Amino acid sequence: DAGVIQSPRHEVTEMGQEVTLRCKPISGHDYLFWYRQTMMRGLELLIYFNNNVPIDDSGMPEDRFSAKMPNASFSTLKIQPSEPRDSAVYFCASTPRLTSDNEQFFGPGTRLTVL
Amino acid sequence: EDQVTQSPEALRLQEGESSSLNCSYTVSGLRGLFWYRQDPGKGPEFLFTLYSAGEEKEKERLKATLTKKESFLHITAPKPEDSATYLCAVRPNTGFQKLVFGTGTRLLVSP
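Here's what the structure looks like:
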């Protein structure tokens, strides 16, 4: 049974370039989360979706960040233009619908480096 | 503001040397406190959920406890494979599925 799938695993880009991170949640999970992890701030929630609809995007740092979920099996997090301070590990997580207090299942993450 | 503080930041133990990790929190109504384990280069992996003060849960060498202000993760007779970063998170009453994480404790167990 495949877990949460993220791509790419590593991304190195130059300041000003557009970056797109991808996520495939676990089949049947209705909630999808995007997190950012840094040494200084730890794991921070950026945005989450329920049934493909964004519910809370208060953690999105600024307008350069956008996230979409066009269907139940795919989501993207886009940064345009990217800046060096965006360098971090970005995680996608999903959780099923039935029990609201279920744990979240995390993907392996995308390590982003912006030069 | 909901906040989670974990201590120590890093902990080095000898194999078999028991210890505890601390997670103190301030939250606007606690719906749950979560412990996760994170190995290098991987995403966090769920360990426990605690819901009310006095609750305890165990898994192998790990035992999590909860009070009204903090949680402890006790590690009994640790082994090198217990080396990882342990993350604590709270789910506030405000925010149906939102988790607020601490910065974690990096545990290294030497043989």
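In order, the protein sequence lines correspond to chains A and B. Numbering-wise, my numbering comes out as the position in the first sequence, counting from 1, plus 4. Numbering-wise, my numbering comes out as the position in the second sequence, counting from 1, plus 7. Even for Gly, the Cβ is constructed at its ideal location relative to N, Cα and C. Note that the coordinates shown come from a computational prediction; the quantities given were computed from them, not determined experimentally.
Is the separation between the beta-carbon of residue i and that of residue j shorter than 9 Å?
i        : j        : result
Pro118/B : Glu22/B  : yes
Glu18/A  : Ser91/A  : no
Leu80/B  : Ser27/B  : yes
Lys105/B : Asp60/A  : yes
Asn100/B : Val11/B  : no
Leu49/A  : Ser79/A  : no
Val8/A   : Cys96/A  : yes
Gly46/A  : Gly111/B : yes
Ala96/B  : Leu37/B  : no
Val5/B   : Arg98/B  : Lying outside 8 to 118, the shown extent of chain B, residue 5/B is not represented and no answer is given.
Verify the CB distance criterion: does residue i have a CB-CB separation below 9 Å to chain A?
i        : result
Thr33/B  : no
Thr112/B : no
Val97/B  : no
Gln10/B  : no
Pro15/B  : no
Asp73/B  : Correcting the residue identity first, residue 73/B is Leu in this sequence and not Asp. So no, Leu73/B is outside the interface.
Glu52/B  : yes
Thr83/B  : no
Lys70/B  : no
Lys49/B  : yes
Leu106/B : yes
Gly109/B : yes
Leu37/B  : no
To which residues of the same chain is residue i closer than 6 Å at the C-beta, ignoring the five residues directly before and after it?
i       : result
Leu25/A : Leu81, Tyr94 and Thr114
Gly20/A : Pro85
Tyr39/A : Leu47, Leu49 and Phe95
Put residue i into one of helix, strand or coil per three-state DSSP.
i        : result
Arg113/B : strand
Pro99/B  : strand
Asp34/A  : strand
Pro74/A  : strand
Arg13/A  : coil
Pro85/A  : coil
Asp46/B  : coil
Pro100/A : strand
Pro87/B  : helix
Asp67/A  : coil
Asp90/A  : helix
Ala22/B  : First, the residue type needs correcting, since residue 22/B is Glu and not Ala in the sequence shown. It is coil, neither helix nor strand.
Leu49/A  : strand
Please list, in chain order, all residues of the same chain as residue i whose beta carbon is under 8 Å from its beta carbon, the five residues on each side excluded.
i        : result
Leu115/B : Ala17, Leu18, Arg19, Leu20 and Ser90
Lys72/A  : Ser79, Thr80 and Lys82
Pro58/A  : Ile51, Tyr52, Ala71 and Met73
Taking 7 Å as the limit between beta carbons, can you name the residues of its chain near residue i, skipping five residues before and five after?
i        : result
Thr42/A  : Ala92
Pro112/A : Gln10 and Arg13
Asn75/A  : Asn56
Arg68/A  : Ile83, Gln84 and Pro85
Glu78/B  : For clarity, residue 78/B is Ser in the given sequence; the question names Glu instead. Closer than 7 Å at Cβ, skipping near neighbours: Cys30, Leu40, Leu57, Ala71, Thr72 and Cys95.
Answer with yes or no whether the minimum CB distance from residue i to chain B is below 9 Å.
i        : result
Pro112/A : yes
Asp67/A  : no
Leu50/A  : no
Arg45/A  : yes
Phe78/A  : no
Val16/A  : no
Asp61/A  : no
Asn56/A  : no
Thr117/A : no
Would you say the beta carbon of residue i is closer than 8 Å to some non-hydrogen atom of the ligand GTP?
i       : result
Pro58/A : Here there are no bound small molecules, and the ligand GTP is not part of this structure.
Say whether chain C places a C-beta atom closer than 9 Å to the C-beta of residue i.
i       : result
Gly23/B : Here chain C cannot be found, since the structure's protein chains are A and B.
Under 8 Å, with one C-beta from each stretch per pair, do the stretch 15-30 of chain B and the stretch 81-99 of chain B reach the 3-pair mark? Judged by Cβ distances under 8 Å, the stretch 15-30 of chain B makes contact with the stretch 81-99 of chain B, as three or more pairs qualify.
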